[in-house]
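Structure, as structure tokens:
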Amino acid sequence: MEKKVIVLTGASGALGTHIAKYLENQGHFLVLQYNKHSIENANPNVLTVACDLTNPEDLKSLVDQTIARFGRIDVLINNAGISKSNVSWKTTTEEWNQTMAINLNAPFFLSQAVIPSMRANAFGRIINITSVVAQTGFIGTSAYAASKAGLIGLTKTLSKELAKFQISVNAIALGYFNTGMIDDVPAEVQAELLKQVPMNKLGNPETLAKTIEFLISDEAGFVTGQTVNLNGGLYS
Ligand SMILES: NC(=O)c1ccc[n+]([C@@H]2O[C@H](COP(=O)([O-])OP(=O)(O)OC[C@H]3O[C@@H](n4cnc5c(N)ncnc54)[C@H](OP(=O)(O)O)[C@@H]3O)[C@@H](O)[C@H]2O)c1
């Protein structure tokens with residue numbers, strides 16, 4: 475099973491775009507989920523699906539469309555995420571709930587929905603994209619940090635539940651990368667962040683794509699329940 479059927483959420487985002495291109499170049503069968511920014515792709519091995527991850531019917535449709543087109547699901551990459559900056563005492567109920575819905579609830583319900591196909595094939599890879607702020611905390615990110623920390627706990631429990639079916643579940647915790655959410659951070663704050671990174675540089679999407687390439691490979695079948703840190707030494 476060299477070429478995998480891969481569902482990638484947040485494929486329209488900055489990091490998602492890089493991951494999708496990398497995996498497409500390797501000839502995998504891709505299902506690319508987007509929400510507000512549509513994705514055009516004429517490759518017959520690629521299906522693009524509009525899906526609001528806060529909507530349970532959309533989640534079901536994403537999985538149903540994948541099975542209808544490719545017959546199975548080998549890999550789920552929960553990459554979509556939002557970050558609403560606010561100190562805890564100003565975070566609204568709506569901000570909290572929306573963050574949890576997209577960053578934590580959707581990965582859980584999507585995982586639940588892909589498990590039957592993965593179990594039937596005795597093969598599966600679930601990858602949850604989390605963040606260093608879940609590990610360290612960071613002012614103004616209470617909802618985001620809580621949702622991403624939840625993903626790490628979810629990863630550990632799912633990995634234990636699914637190991638006997640040869641389904642691995644891992645998280646990748648990103649430090650500060652050179653594209654995507656970082657674009658919303660003011661330049662002077664970015665400069666301050668950089669000073670905290672021992673390697674004194676931002677992450678490159680290529681590092682993320684290569685890490686995913688390894689985790690979805692057959693050779694990585696003994697790796698599960700882990701949080702792989704890509705952060706230039708910021709946290710270990
Ligand atoms: N970039 C970094 O430095 C960094 C650091 C740590 C962790 N991360 C994590 O890496 C992942 C990707 O981040 P990024 O930087 O690529 O972010 P991004 O460019 O803002 O992309 C976010 C993605 O999430 C999708 N999305 C947002 N709300 C959605 C909803 N309701 N339903 C479905 N999809 C929705 C967006 O779809 P549309 O655009 O189509 O609406 C987009 O594809 C996130 O989980 C983030 O937390 C990033």
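Numbering (this note's numbering), first residue to last: 475 to 710.
We put the CB at the ideal spot given by N, CA and C, even for glycine.
Asked                                                                                                      : Found
Buried versus exposed call for D548 [16 or more other C-beta atoms within 10 Å across all chains shown]    : buried
Whole-number beta carbon distance between S512 and A524, since they are thought to touch under 8 Å         : 7 Å
Whole runs of the beta strand (DSSP E) within the stretch 579-631, excluding any shorter than 3 residues   : 598-605
Buried versus exposed call for T615 [16 or more other C-beta atoms within 10 Å across all chains shown]    : buried
Beta-bridge pairing of G706 - partner residues as DSSP gives them                                          : In DSSP, G706 forms no bridge with anything.
Inter-stretch contact at 8 Å, needing at least 3 Cβ pairs: the stretch 549-566 / the stretch 578-598       : yes
Near ligand 1: L482 beta-carbon under 7 Å from a heavy atom                                                : no
Segment contact, 8 Å Cβ cut-off, at least three pairs: the stretch 670-687 with the stretch 610-627        : no
Those residues which DSSP pairs with G545 across a bridge                                                  : Answer by DSSP bridge pairing: none, since G545 is not bridged.
Identity of the residue in Q500, S535 and L628 nearest E476 by Cα                                          : Q500
Burial state of Q586 (16 or more Cβ within 10 Å)                                                           : exposed
L640 versus L578, A694 and V537, residue with shortest Cα-Cα distance                                      : Note on residue identity: the sequence assigns Gln, not Leu, to residue 640. The residue with the shortest Cα to Cα distance from Q640 is A694.
Pair within 8 Å by beta-carbon distance, L628 and F583                                                     : no
Cβ-Cβ distance between T610 and Y709 below 8 Å                                                             : yes
According to DSSP, residues forming a beta bridge with N552                                                : N602
V479 versus G490: straight-line alpha-carbon distance, rounded                                             : 16 Å
Cβ-Cβ distance between L536 and R599 below 8 Å                                                             : no
Per-residue DSSP class, three states only, for V671                                                        : coil
From P530, A554, G545 and Q539, residue whose alpha carbon lies closest to that of Y508                    : A554
N652, buried or exposed, once every other Cβ within 10 Å from all chains shown has been counted against 16 : exposed
Rounded C-alpha distance that separates K646 from E662                                                     : A small fix is needed here, since residue 646 is Ile in this sequence, not Lys. When rounded, the distance between both Cα atoms is 27 Å.
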